[in-house]
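Encoded as structure tokens, the structure appears first; notes follow it.
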Amino acid sequence: MDATLTAERTRPYEGMFLFPQSASSDLQGSTDLVKEILTRNGAEILSIAKWDERKLAYDIAGNKRGLYILAFFRTVSDRLAPIERDCNLNEKLLRSMVIRADHLTEEQLKNAESMQKTMDESRLRAMPGDEAGMSERDGERDMDRDA
């Protein structure tokens, strides 16, 4: 298939993926799962980021809180059904929703800053306790003592 034809047929999409709150301890694993599902089905990932951790409006599979991961990607519309199928069959995902992102400009879609923030946060959580965030915690304790 011609590369220009493929580029013309791909469209931007926005995907929201909901994980149980317990997935926030393995943020990198959660983002890797979303990346795997998208790339396995031929999507080009533009950015992926932790969107929020919040209380759910109603319990989903016994979960009261959830971790939301937002991804922007490009793919052909024929590949959406397999992406949604993989999301529905995955036991780690509570819910997912994919919509066309025609309302965003290319510049907004390719904003890699949010992806970098997610990667940095994942690396910090993956570090052993004596290295990750200890200086921040110690600083907070010192401020409490001063007060």
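Numbering (the numbering used here), first residue to last: 8 to 154. We treat Cβ as the ideally placed atom computed from N, Cα and C, and that holds for glycine.
For Leu111 against Pro19, the beta-carbon gap comes to about 7 angstroms, under 8 angstroms, which counts as contact. Uninterrupted alpha helix (DSSP H) stretches at least 4 residues long and entirely within the segment 17 to 83 occur at 34 to 47, given in chain order.
Exclusion of the five residues before and after Leu63 leaves Asn70, Lys71, Arg72 and Gly73 as the residues of its chain whose Cβ lies within less than 7 angstroms of its Cβ.
The shortest C-alpha to C-alpha distance from Tyr65 to any of Arg102, Glu114, Thr46 and Arg81 is the one to Arg102.
In the DSSP annotation of this structure, the continuous segment of the beta strand (DSSP E) that includes Arg107 starts and ends at Arg102 to Arg107. Ranked by how close their Cα comes to the Cα of Leu87, the residues Glu60, Glu98, Ala50 and Ser31 have Ala50 in first place.
For Leu87, the enclosing alpha helix (DSSP H) covers residues Leu87 to Leu96. The Cβ neighbour count for Leu96, taken over all protein chains shown within 10 Å, is under 16; the residue is labelled exposed.
Spanning the alpha carbons of Val41 and Glu60 requires a straight line of approximately 16 angstroms.
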